[in-house]
Amino acid sequence: MSLARVIERQEILLPARPGFIAATLAAAFLLNLLPWGGVLATLTPDFVAVLLLYWSIHQPRRLGFTPGFLLGLAMDIAEASLFGQHALAYTVLTYGAITLHRRILMFGIRHQVLHVLPLLVVAQLIMLIVRLAAGASFPGMSYFVASLAGAALWPALAVLLQLPQRPRPDPDHAAI
Amino acid sequence: MEHQPPPFFKTGPTALVRLLIFSLLSLTLLVADARFKYLATLRQIAAAIVYPLERLANAPVNAAARVADFFVTQAALKAENARLKERELASATALQQFRSLSSENAQLRELLAVRERLPGQATAAEVLYAARDPFSRKVIIDKGLQEGIRPGQPVVDNIGVIGQVTRVYLWTSEVTLITDKDQAVPVQNLRSGLRGVVFGVGHDGMLDLRFMPVNADIRTGDRLVTSGIDGTYPPGLPVAEVVNIERNAADMFARIAGKPVAGVASHLHVLVLNWERKAPERPPAAEHAPAKRKKPKKGG
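First to last, the sequence lines map onto chains A and B. Counting along the first sequence from 1, when you hit position 82 you're at 1477 in our numbering, and nothing is skipped either side. Counting along the second sequence from 1, when you hit position 274 you're at 974 in our numbering, and nothing is skipped either side.
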């Protein structure tokens, strides 16, 4: 994809409102809490991780590390996992997103997915290492399906979450 | 990072510094929780904050179930009614036998001066959701400290044992299922009376009867019930059925696989048993013996 095309596609977005960011993160947390059962449980992505990644990439200054850390602790309570496991993974995820956000935003959505997937896998790997160190057994490769699902969610998120930031069409400059 | 802000903009510590701070914080929490179990109070507070969100997330599912209940057809109800009547008839005879047998049993026990072993009070609870954590097998039930649930209580459904309460919050509790890796249940073979310990393996529908000699009297189809010698589970509750036995003379122990009889992964309503055997005082531990007892679930 040529640079000219990338720039051509970009439009200047309004800054995201903090309330909107908080609302989407809360919604993601609720989605994670839904009682997914059986096969669905392995297929559902970690919505909180994907949303944190999205906002850390698009609004790195707004978010910072604290929301990810606190949401991680909340996830640990809800999932009955080790206290601090998700917090650690989300912290590293946020760091990756903040470090890479300029690079990732250069790319089109399809190529962004290729950046998002490894970041999500790394976050899962951290949780895996923590649990293995604590004495759990490897749950099988299907564990990483959640990352794939999260990456697959990315294009839809990129469209949906940008809608409120689109500038309103100005009636004075309407195209004729 | 390819971009460093000029020093005259105050942006706080860099991302790397923050990463280190927050990672250290989470690692401290992890070690404190996994190794020393210090964080009971902190967990309590956090759980109380998360609780309303959990209920909120479960609300649509409950509502959907209620709507589905409302639209049950009359035919389905009639069929269920007929089935229940049939079953009631069958169980009525069993119940009559049970009454006479239990009175007889009570008399015999009194004669033998054996303590009453039947489970006492039980608390009915509803499974809120299965914990998403892929590394363990746990469910969250809707009764907690407020209803007098204590860690260590056995949890059963209408068929048999499903697990044990391992963590109690104000209004909810975590139940570790018997299929969880490391969850151990002392059992007894109903046919031969042989005692053993069943371990979970971390997958649904699989249990492992460990430390049985190769020549142990065990057959496929044997039913394993709790032996009650751990003082945690009341004796006689169905736990598992033996499905596969591998006897290899080279090994010390036979590999015996079982499957849980209770609906370990599918139940919605469970009973938390309030059963406590008043065990005699433990003999004073020897000097070099490990003084601290491990988790109650490891008993037996």
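Heads up, the beta-carbon is just placed ideally off N, CA and C, and yes, glycines get one too.
Discussion item. In the DSSP assignment, the alpha helix (DSSP H) including residue 1491 of chain A goes from what residue to what residue?
Written reply: Looking at the DSSP string, the run of the alpha helix (DSSP H) that includes residue 1491 of chain A is 1480-1501.
Fill in: Environment of residue 873 of chain B [buried if 16+ CB atoms lie within 10 Å]
Buried, by the Cβ-count rule.
Item to complete: Please list the residues of the region 842-865 of chain B that have a C-beta atom closer than 8 Å to any C-beta atom in chain A, keeping them in chain order.
Response: Those residues of the region 842-865 of chain B that come within reach of chain A (Cβ to Cβ, closer than 8 Å) do not exist; the list is empty.
Worksheet entry | Contacts of residue 667 of chain B in chain A (Cβ-Cβ under 7 Å) | There is simply no residue 667 of chain B to check, as chain B begins at 701 and stops at 1000 in what is shown.
Discussion item. So the candidates are A:1438, A:1472 and A:1466; which of them puts its Cα closest to the Cα of residue 1486 of chain A?
Written reply: Cα-wise, what sits closest to residue 1486 of chain A is A:1466.
Worksheet item: Just to confirm, are residue 1455 of chain A and residue 1493 of chain A a CB contact at a threshold of 9 Å?
Response: It is a contact, given that the beta carbons lie within the stated cut-off.
Fill in: For residue 862 of chain B and residue 972 of chain B, believed in contact at Cβ under 8 Å, the rounded distance
The Cβ separation is near 10 Å, so there is no contact.
Discussion item. So, does the region 927-945 of chain B touch the region 1538-1557 of chain A, judging by three or more C-beta pairs under 8 Å?
Written reply: The answer is no - the region 1538-1557 of chain A does not touch the region 927-945 of chain B, with fewer than three Cβ pairs under 8 Å.
Worksheet item: How is the alpha helix (DSSP H) around residue 903 of chain B delimited, first residue to last?
Response: Unbroken run through residue 903 of chain B: none, as it is neither H nor E.
Worksheet entry | Contact under 9 Å by Cβ, residue 938 of chain B with residue 859 of chain B | In this structure, residue 859 of chain B lies closer than 9 Å to residue 938 of chain B by Cβ.
Practice prompt. Would you mind stating whether residue 1458 of chain A and residue 1468 of chain A have Cβ atoms separated by less than 9 Å?
Written response: No, the Cβ-Cβ distance between residue 1458 of chain A and residue 1468 of chain A is not below 9 Å.
Item to complete: Kindly say whether residue 1525 of chain A, judged by its beta-carbon, lies nearer than 9 Å to any beta-carbon of chain B.
Response: Interface residue, yes.
Worksheet item: Which chain A residues sit within Cβ distance under 8 Å of residue 838 of chain B?
Response: Residues of chain A passing the Cβ test: 1475.
Worksheet item: Hey, quick one: how far does the beta strand (DSSP E) through residue 893 of chain B stretch, first residue to last?
Response: Here residue 893 of chain B belongs to no beta strand (DSSP E), and DSSP marks it neither H nor E.
Worksheet item: By the 10 Å Cβ neighbour count, where 16 or more other Cβ atoms means buried, how is residue 783 of chain B classified, buried or exposed?
Response: By the neighbour-count rule (16 or more Cβ atoms within 10 Å), residue 783 of chain B is not buried but exposed.
Worksheet item: Skipping 5 residues on each side, what residues in its chain have a beta carbon closer than 6 Å to that of residue 769 of chain B?
Response: Within the same chain, and ignoring the five residues on either side of residue 769 of chain B in sequence, no residue has its Cβ closer than 6 Å to its Cβ.
Discussion item. Is there a Cβ of chain A sitting closer than 9 Å to that of residue 728 of chain B, yes or no?
Written reply: Among the residues facing chain A, residue 728 of chain B is included, as its CB has a counterpart in that chain under 9 Å away.
Worksheet item: In whole angstroms, what is the alpha-carbon distance linking residue 1471 of chain A and residue 1431 of chain A?
Response: Roughly 16 Å separates the two Cα atoms.
Practice prompt. Please classify residue 750 of chain B: does DSSP put it in a helix, a strand, or coil?
Written response: Residue 750 of chain B: helix per DSSP, three-state reduction.
Fill in: Span separating the alpha-carbon of residue 721 of chain B from that of residue 728 of chain B
In this structure, the straight-line span from the alpha carbon of residue 721 of chain B to that of residue 728 of chain B is close to 11 Å.
Worksheet item: Mind checking residue 908 of chain B: buried by the 16 CB within 10 Å criterion, or exposed?
Response: So residue 908 of chain B ends up on the buried side.
Practice prompt. Mind the definition here: the region 1417-1429 of chain A touches the region 1523-1530 of chain A only if three or more C-beta pairs lie below 8 Å; say whether that holds.
Written response: Using a Cβ-Cβ distance cut-off of 8 Å, the region 1417-1429 of chain A and the region 1523-1530 of chain A are not in contact, since fewer than three pairs of beta carbons, one from each stretch, lie closer than that value.
Worksheet item: If you compare alpha carbons, which of B:866, B:887 and B:764 is closest to residue 851 of chain B?
Response: If we check each option's Cα against that of residue 851 of chain B, B:866 comes out closest.
Worksheet item: Is the distance from the Cβ of residue 1519 of chain A to the Cβ of residue 1542 of chain A below 9 Å?
Response: Pairing residue 1519 of chain A with residue 1542 of chain A gives a Cβ-Cβ distance under 9 Å.
Discussion item. Check for me: the alpha helix (DSSP H) holding residue 1455 of chain A runs from which residue to which?
Written reply: Element bounds for residue 1455 of chain A: 1455-1458.
Worksheet item: By how many angstroms is the C-alpha of residue 868 of chain B removed from the C-alpha of residue 741 of chain B?
Response: A direct Cα-to-Cα measurement between residue 741 of chain B and residue 868 of chain B gives close to 11 Å.
Worksheet item: Closest to residue 713 of chain B by CA distance: which of A:1490, A:1443 and A:1414 is it?
Response: Of the candidates A:1490, A:1443 and A:1414, the one whose C-alpha sits nearest the C-alpha of residue 713 of chain B is A:1490.
Worksheet item: So, residue 876 of chain B versus residue 837 of chain B, is the Cβ gap smaller than 9 Å?
Response: The answer is yes: Cβ separation under 9 Å.
Worksheet item: Start and end of the beta strand (DSSP E) containing residue 823 of chain B?
Response: Here the beta strand (DSSP E) through residue 823 of chain B covers 822-830.
Worksheet item: residue 1474 of chain A and residue 831 of chain B look like a contact to me (Cβ under 8 Å); what is the Cβ gap, rounded to whole Å?
Response: Contact holds; Cβ gap of about 5 Å.
Worksheet item: What residues in its chain sit with their C-beta under 6 Å from that of residue 1361 of chain A, if we drop five residues either side in the sequence?
Response: A query on residue 1361 of chain A cannot be resolved here, the shown segment of chain A reaching from 1396 to 1571 and no further.
Item to complete: Leaving out five residues on either side along the sequence, give the residues of the same chain with a beta carbon under 6 Å from the beta carbon of residue 1516 of chain A.
Response: By the criterion of a C-beta distance shorter than 6 Å, residue 1516 of chain A is surrounded in its chain by 1542, once the five residues flanking it on both sides are discounted.
Worksheet item: By the 10 Å Cβ neighbour count, where 16 or more other Cβ atoms means buried, how is residue 814 of chain B classified, buried or exposed?
Response: Only weak support exists for where residue 814 of chain B lies, its pLDDT of 46 falling under 50; the value from the coordinates is given anyway. Residue burial is scored here from C-beta neighbours: residue 814 of chain B has fewer than 16 other C-beta atoms within 10 angstroms and is therefore classed as exposed.
Fill in: Boundaries of the beta strand (DSSP E) in which residue 943 of chain B is found, first to last residue
Note, residue 943 of chain B: beta strand (DSSP E), 938-946.
Practice prompt. List the whole-angstrom C-beta distance separating residue 733 of chain B from residue 1477 of chain A, where the pair is believed to meet the contact cut-off of C-beta under 8 Å.
Written response: At roughly 6 Å, the Cβ-Cβ gap stays under 8 Å, so residue 733 of chain B and residue 1477 of chain A are in contact.
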